[in-house]
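Residue numbers (the UniProt record's numbering), protein chains in the order written: chain A, 1 to 210; chain B, 1 to 210; chain C, 1 to 210; chain D, 1 to 210.
Even for Gly, the Cβ is constructed at its ideal location relative to N, Cα and C.
Working notes, beginning with the structure itself.
Number of protein chains: 4
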Amino acid sequence: MKKREVQASVKDERLVLKRRNQMIKGAVTLFKEKGFHRTTTREIARASGFSIGTLYEYIRTKEDVLYLVCDSIYDEVRDQLQQSFDPNQGTLESLRLVIDYYFKVMDELQDEVLVMYQEAKSLSKDALPYVLKKELEMVGMFEDTIRRCVENGELDLTEKQVKIIAHDIFVQGQMWAFRRWVLQKLYTLDEYIELQTDLLLEGIKGSGSK
Amino acid sequence: MKKREVQASVKDERLVLKRRNQMIKGAVTLFKEKGFHRTTTREIARASGFSIGTLYEYIRTKEDVLYLVCDSIYDEVRDQLQQSFDPNQGTLESLRLVIDYYFKVMDELQDEVLVMYQEAKSLSKDALPYVLKKELEMVGMFEDTIRRCVENGELDLTEKQVKIIAHDIFVQGQMWAFRRWVLQKLYTLDEYIELQTDLLLEGIKGSGSK
Amino acid sequence: MKKREVQASVKDERLVLKRRNQMIKGAVTLFKEKGFHRTTTREIARASGFSIGTLYEYIRTKEDVLYLVCDSIYDEVRDQLQQSFDPNQGTLESLRLVIDYYFKVMDELQDEVLVMYQEAKSLSKDALPYVLKKELEMVGMFEDTIRRCVENGELDLTEKQVKIIAHDIFVQGQMWAFRRWVLQKLYTLDEYIELQTDLLLEGIKGSGSK
Amino acid sequence: MKKREVQASVKDERLVLKRRNQMIKGAVTLFKEKGFHRTTTREIARASGFSIGTLYEYIRTKEDVLYLVCDSIYDEVRDQLQQSFDPNQGTLESLRLVIDYYFKVMDELQDEVLVMYQEAKSLSKDALPYVLKKELEMVGMFEDTIRRCVENGELDLTEKQVKIIAHDIFVQGQMWAFRRWVLQKLYTLDEYIELQTDLLLEGIKGSGSK
DNA sequence: AATGAATGAGCCTTCATTCAT
DNA sequence: CATGAATGAAGGCTCATTCAT
C-alpha cells in the first residue's frame with residue numbers, strides 16, 4: 001500500500017511541500033485547541049499564513065488536511081524512533097533502551113500524539129487504512145526487537161506473547177500523552193518510564209513459556 | 001462533586017427520565033455510526049421517537065445529549081463492574097476474577113466504550129471534569145482491589161505501583177474495544193484475557209518493592 | 001412518466017404548495033432579470049418572502065427551484081391552452097382559432113416562456129426529460145387538432161406533414177416571445193398572427209399529398 | 001455599428017488572432033458540453049493550449065470569450081452562406097436552393113448553432129446588440145433573396161410578408177439544431193428540408209396579395 | 001509574451017435552536 | 001407537553017481575476 005496521494009493544483013512540487021508543511025504546522029496547533037471538527041478551513045488557512053483560496057490550491061477537501069496531519073505525525077514519530085531501533089542488539093538491555101527512548105519521544109510529541117489519537121477516527125473509510133497501517137508498522141518495530149531477544153535466547157516467548165507485549169508497550173507510550181491529565185500529576189516522566197518498564201520486564205521474564 | 005444537572009423545561013421528573021432514556025438509546029446508536037459531530041439533533045430526535053421540539057424540552061444544547069450519553073455509559077459500565085468488586089477478598093485470585101470480569105464487560109459494551117472514548121473529548125471544558133471523575137472512580141476500584149492484596153500481605157507494592165497497575169488494567173480493558181480492528185483479529189477474548197492477566201500478575205509479583 | 005417529485009422537509013402539504021408558489025413567483029421575476037445562474041439562492045429566498053433556511057425546507061438544491069419554475073410555467077401554458085382545444089371541431093376554422101389563441105397565450109406569458117426556454121437547458125440530465133415530455137404533449141395537442149381536420153376530409157396530409165406543421169406552429173408561437181426584440185418592432189400581435197396563419201394555412205392547403 | 005473590440009494586452013496582432021482562434025475552438029467544445037456558466041476560465045485556457053495567465057493576455061473578462069465565440073460562429077455561418085446567395089437569380093428555384101443550402105449548413109454546424117442559441121443571452125447588455133445585429137444581417141440575406149423574386153414578378157408579396165417569411169426560414173433552420181432531440185428522430189435532414197420547403201413555398205405562392 | 005501561484009468575494013447548503021400554535 | 005415551521009449564522013468550497021517572476 002503506497003502513500004495516499006493528496007491532489008494539489010499547484011505544480012511546483014517543492015512549493016507544495018513547503019506550503020503543506022506550513023499547513024500541517026498551523027493545523028496541528030488548531031486541532032490541539034479545538035479538535036478537527038471545530039476548526040474551520042478559514043482558520044487553517046490563516047494559521048498557515050495564506051488565504052483560503054491558496055489553501056485549496058494544495059488540498060481538495062478539509063479531510064485532506066486531517067490526513068496530511070496524521071500522516072505527518074506518524075512519519076515524525078517513526079523517524080524519531082528509527083534511530084533507537086537500528087543499533088538494537090537483541091538483549092534485554094537494548095529492549096529497555098528502546099522503550100525508554102520511545103516513551104521520551106511520546107513525551108516530546110505529546111500534543112501531536114493526542115491530536116492523532118483523538119482525530120484519526122474522523123478520517124473517511126478511504127483514508128483510515130493508510131494511517132492504521134502506519135500504526136501497525138510501529139508496533140511491528142517493537143515486535144522485532146522482542147523477537148530478536150527470543151532468537152538470542154534472552155527470552156522465551158510464544159509469538160502471541162511477543163505480539164501482545166509489543167501492543168502493550170505501544171499503548172503505554174500513547175497513554176502517557178492521552179491520559180496526561182492524570183498520569184502527569186502522579187508521576188514524573190522518569191518515574192513513569194521506570195515503573196512501566198520494571199513491571200513489563202518482570203512480567204515478561206515471569207511469562208516464559210517454559 | 002455532584003452529578004452535573006442538565007436542565008429540562010418539563011417538570012414531571014418521571015417523564016424526564018423516560019424521555020432521556022429514549023434519547024440516550026437513540027443517540028448511542030447514531031454516535032456509533034457517525035460520531036457526535038456528524039449526527040444532527042433532528043436525527044437524534046427521530047431516533048428517540050419524538051420531534052425536534054420535544055427533544056429540546058429535555059435538554060438545552062446538543063452537547064447535553066453527549067454528556068447524558070457519556071454519563072449513562074459510565075454508569076452502566078460501573079454498575080456492571082460493581083457486582084464483581086463487592087465479594088472481593090483481597091486475594092490474588094479475586095484480583096484475577098475482577099480483571100476477567102472487567103474485560104468481559106468491556107467486550108460486551110465495546111460499542112458504547114468506543115463512543116465514549118472517541119466523543120468525550122467533544123465535551124466542553126464545563127462537562128468534561130464530571131466524566132473524568134467517573135473514570136477516576138473506576139480506576140479507583142481497581143486500586144482498592146490491589147491495595148487490599150497489599151494489606152493482606154499477598155503483594156508487596158508501593159502506592160505508586162498500585163496506581164500504575166490500576167491504570168494499566170483499566171487501559172488494557174479499553175484497548176480491547178479501542179484497538180479491536182487489530183486485537184480481535186489476533187486473539188479471542190479468552191486468549192487476550194489470559195495473556196494480559198498472566199503478564200500482569202507475573203509483573204506484579206516480580207515487582208515487589210523489597 | 002409521473003411528475004418528478006421535489007422533496008420537502010415540511011410535512012404540511014398545503015403549506016408546501018403555498019410556499020412553493022411564493023417561491024416560483026419570486027424566482028420567475030429574478031430569472032427574467034438575471035437568469036438562473038446569476039440569481040443566488042438568497043435572492044430567491046428574499047424575493048419569496050422568507051429566509052434562506054426556510055427556502056431549503058421546501059427544496060433540496062437550487063436546481064429544484066429551476067425545475068419547479070419550468071414545471072409550473074408549462075402547466076400554466078397548457079392549462080390556458082386546454083380550453084381552446086376542447087371545443088375543437090376538426091375544421092380549418094377551429095384550427096385557426098386554436099392557433100390564434102395559442103399565440104395570444106404566448107404573448108401574455110412571454111416573460112415566462114422566455115425564462116423557460118432560456119433556462120431549461122440548465123436542468124440536470126435528471127430533470128430535463130420531464131420538461132421535454134411536457135413540451136411534446138403540447139406539440140401533440142396541435143397534432144391532434146390537425147389530424148382531426150385530416151380525418152374530417154378538410155385536409156389531405158401525411159402523418160409526417162401533420163407533425164412538422166404542429167412543430168412549426170409551436171415554434172412560431174415561442175418565436176413571438178423569443179425573438180420579440182425584432183418581431184415586436186415589426187408587427188403588432190394581430191398582424192403577426194394573421195401573417196403567420198395565412199402563410200401556414202395556404203401552405204397546408206397547397207401541400208395536399210394528392 | 002462596427003465590430004465590438006475586445007481588448008488584448010498583447011500587441012502583435014497576428015498573434016492575437018492566432019491565440020483567439022485557439023481560444024474559440026477550445027471554448028466552443030466546452031460550451032457544447034457544459035454551457036458557458038459551468039465552464040471555468042481555467043478549463044478554457046487548458047482547452048486552448050495555454051495557461052490561465054496567457055488567456056487573460058488576450059481578453060479582459062470571461063464574457064469576452066463568450067462574445068468572441070458567438071461572433072466567430074456568426075461569421076462562420078455567414079461566410080458559408082454567402083456563396084449560395086451570390087449567384088442567386090431572383091427565381092423561385094434559386095430561393096429553393098438558398099434554403100436547401102442554409103439548412104445543410106445548419107446541420108453541419110448544429111453544435112455551434114446550439115451554443116450560440118443557448119448562450120448568447122448570457123452576453124451583457126453591452127455586447128448583445130453586436131450579436132443581434134449579425135443575426136439581422138443574416139435574416140436580411142433571406143429577405144433580399146425573396147425581394148428579388150418579388151421584383152422579378154415571380155412572387156407577389158407585401159414587404160411585411162417578405163420579412164416574416166425570411167424570419168420563418170431563419171428560425172426553421174435553427175430549429176433543426178435546437179430541437180434536434182425530437183426532429184432528428186422523426187426526419188432525415190433531406191425529409192425535413194423537403195417538408196419545410198414545400199410547405200413554405202406553397203404558403204408563399206398561396207399568399208399573393210392579389 | 002507566458003506562466004501559474006495567490007487572492008478573497010461570494011456561492012450553496014446545513015443545522016442548532018426558537019417559538020407560536 | 002408536543003409539534004414542526006422558521007430562522008440565519010456559519011461552514012466548505014469555487015473561480016474569475018491579478019501580478020510577480
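Endpoints, alpha helix (DSSP H) assigned at Asp64 of chain A: Lys62 to Phe85
Pair within 8 Å by beta-carbon distance, Glu143 of chain B and Gly90 of chain B: no
Chain C contact for Tyr56 of chain D (CB, 8 Å cutoff): no
As assigned by DSSP and simplified to three states, the class of Arg179 of chain A: coil
Span of the alpha helix (DSSP H), counted from its first residue to its last, around Glu13 of chain C: Glu13 to Arg38
Leu136 of chain C: contacting residues in chain D (beta-carbon distance under 7 Å): Val182
Reduced DSSP secondary structure (H/G/I, E/B, other) of Arg4 of chain A: coil
Sub-8 Å separation of Leu132 of chain A and Ile169 of chain A beta-carbons: no
Gln196 of chain D in three-state terms, based on DSSP: helix
Spatial neighbours of Gly140 of chain A in its chain, beta-carbon cut-off 8 Å, leaving aside the 5 residues before and after: Ala166
Where Leu186 of chain D falls: helix, strand or coil (DSSP): helix
Which of helix, strand or coil DSSP assigns to Lys210 of chain A: Confidence in Lys210 of chain A is poor, its pLDDT being 45 and thus under 50, which makes the residue's placement too unreliable to answer from.
Classification of Gln7 of chain B by the beta-carbon crowding that lies within 10 angstroms, buried from 16 upward: exposed
Leu123 of chain B versus Arg42 of chain D: straight-line alpha-carbon distance, rounded: 44 Å
Leu30 of chain C to Leu97 of chain D span [Cα, whole Å]: 44 Å
Cα-Cα separation, Lys104 of chain A to Cys149 of chain A: 22 Å
Interface flag, Ser207 of chain C vs chain D, CB-CB below 8 Å: yes
Per-residue contacts from Val113 of chain C into chain D (C-beta, under 9 Å): Ordered by position in chain D, no residue passes the 9 Å Cβ test against Val113 of chain C, which lies about 13 Å from the chain.
Close-in-space but distant-in-sequence residues of the same chain around Tyr130 of chain C (CB under 8 Å, 5 per side omitted): Met1, Lys3, Arg4, Tyr67 and Asp71
Cα-Cα separation, Leu183 of chain B to Met138 of chain A: 15 Å
CB contact check: Val171 of chain A to chain B, cutoff 8 Å: yes
The stretch 68-96 of chain B: positions lying closer than 7 Å to chain A by Cβ: none
Members of the stretch 8-41 of chain C near chain D, C-beta cut-off 8 Å: Gly35 and His37
Cβ neighbour criterion (16 or more within 10 Å) applied to Arg19 of chain D: buried
Rounded C-alpha distance that separates Leu17 of chain D from Asp79 of chain D: 18 Å
Ile193 of chain A to Tyr117 of chain A span [Cα, whole Å]: 20 Å
C-beta atoms of Ser73 of chain C and Val65 of chain C nearer than 8 Å: Contrary to the premise, residue 73 of chain C reads as Ile rather than Ser in this sequence. The answer is no: Cβ separation not under 8 Å.
Cβ-based contacts, 9 Å cut-off: residues of the stretch 193-205 of chain A near chain B: Leu195, Gln196, Asp198, Leu199, Leu200, Leu201, Glu202, Gly203, Ile204 and Lys205
Endpoints, the alpha helix (DSSP H) within which Ser48 of chain A is located: Thr41 to Ser48
Minimum Cβ-Cβ distance from Lys210 of chain D to chain C less than 8 Å: For Lys210 of chain D, the predicted model reports a pLDDT of 45, less than 50, meaning its position is unreliable and no value from the coordinates is stated.
Burial state of Lys125 of chain C, where buried means 16 or more other Cβ atoms lie within 10 Å: exposed
DSSP state of Glu191 of chain B mapped onto helix, strand, coil: helix
is_contact[Glu108 of chain C, chain D] using C-beta, thresh 8 Å: no
Cβ-Cβ separation, Ala177 of chain D to Gln82 of chain D (assumed contact under 8 Å), whole Å: Going by Cβ atoms, the distance from Gln82 of chain D to Ala177 of chain D rounds to 19 Å, so no, they are not a contact pair.
Where Gly26 of chain A falls, given that 16 or more other Cβ within 10 Å makes a residue buried: buried
Under the three-state DSSP convention, the category Gly90 of chain C falls into: coil
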